[in-house]
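**Q** Sharing a structure here in structure tokens format.
Numbering (the numbering used here), first residue to last: 1 to 198.
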């Protein structure tokens, strides 16, 4: 069976989410990488949207933006991406309506300063702003890493926010590995049921 629940993908959160996004994103779509990091998700999204699509990628750290730019350049994908060295709280100001998918990886830049982490307040603001940009059936996909300082606070805040979203306007799905410990990562998908300007 092909798709997001392919057994080959169930053991890895990122693999499973990418399988889901590959089915959702079409060539020509506009998408957002809200936490560019080392650029792997940005590259994946650039491949998904094709030459006529657009990826808006954000990271507050210059190291992350540079790593992402180098990876995209190496794969000849830089022309599909707009890179912003900005907090994802600026997404609402810098990105247009009509977004198909938004990806968040919450935590810290791999291999970098673990004191530089995503924070509950800025994460919730960014999620709230990006919801307003989504097309009908567009999604926000969050991977929540719980092994860093303030991670439990951020996870609890995000879960509480998502649980209060209108069930008429949004579907919210959480996936968690029950046998991998309390600090294992989990994912959250928020799908918008109606179109822009909700």
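Idealized CB from N, CA, C, for every residue including glycine. As the structure is a computational prediction, the values presented were derived from the model and not from experiment.
(1) For residue 66, which of 164, 168, 20 and 40 has the nearest alpha-carbon?
(2) Count the other CB atoms, across all protein chains shown, that sit within 10 Å of the CB of residue 218; report buried if there are 16 or more and exposed otherwise.
(3) Using CA atoms only, rank isn't needed, just tell me which of 97, 142 and 137 is closest to residue 34.
(4) Grouping DSSP H, G and I as helix and E and B as strand, with all else coil, what is residue 95?
(5) Helix, strand or coil for residue 183? Go by DSSP, reduced to three states.
(6) Which term fits residue 37, buried or exposed, when burial requires 16 or more other beta carbons within 10 angstroms of its beta carbon?
(7) For residue 153, which residues in the same chain have their Cβ closer than 7 angstroms to its Cβ, ignoring the five residues on either side in sequence?
(8) To the nearest angstrom, how far is it from the Cα of residue 132 to the Cα of residue 50?
(9) Which complete beta strand (DSSP E) runs does the segment 14-47 hold, if anything under 3 residues is left out?
(10) From what residue to what residue does the alpha helix (DSSP H) around residue 65 run?
(11) Assign residue 178 to one of three DSSP states: helix, strand, or coil.
(12) Hey, how far is the Cα of residue 23 from the Cα of residue 81?
(13) Do residue 91 and residue 44 have their C-beta atoms within less than 9 angstroms of each other?
(14) Just tell me which of 177, 53 and 192 has its CA closest to the CA of residue 171.
(15) How many Å lie between residue 99 and residue 93 at the Cα?
(16) List the whole-angstrom C-beta distance separating residue 186 from residue 144, where the pair is believed to meet the contact cut-off of C-beta under 8 angstroms.
(17) What does the alpha-carbon distance come out to for the pair residue 130 and residue 162?
(18) Please report how far the alpha carbon of residue 124 lies from the alpha carbon of residue 106, in whole angstroms.
**A** On the basis of the coordinates in this document:
(1) 40
(2) With the chain running from 1 to 198 in the structure shown, residue 218 is simply not present.
(3) 142
(4) coil
(5) coil
(6) buried
(7) 120
(8) CA-to-CA, the gap between residue 132 and residue 50 works out to about 24 angstroms.
(9) 30-33
(10) 62-74
(11) coil
(12) 20 angstroms
(13) no
(14) Closest by alpha carbon: 192.
(15) 14 angstroms
(16) 5 angstroms
(17) C-alpha separation (whole angstroms): 13 angstroms.
(18) 11 angstroms
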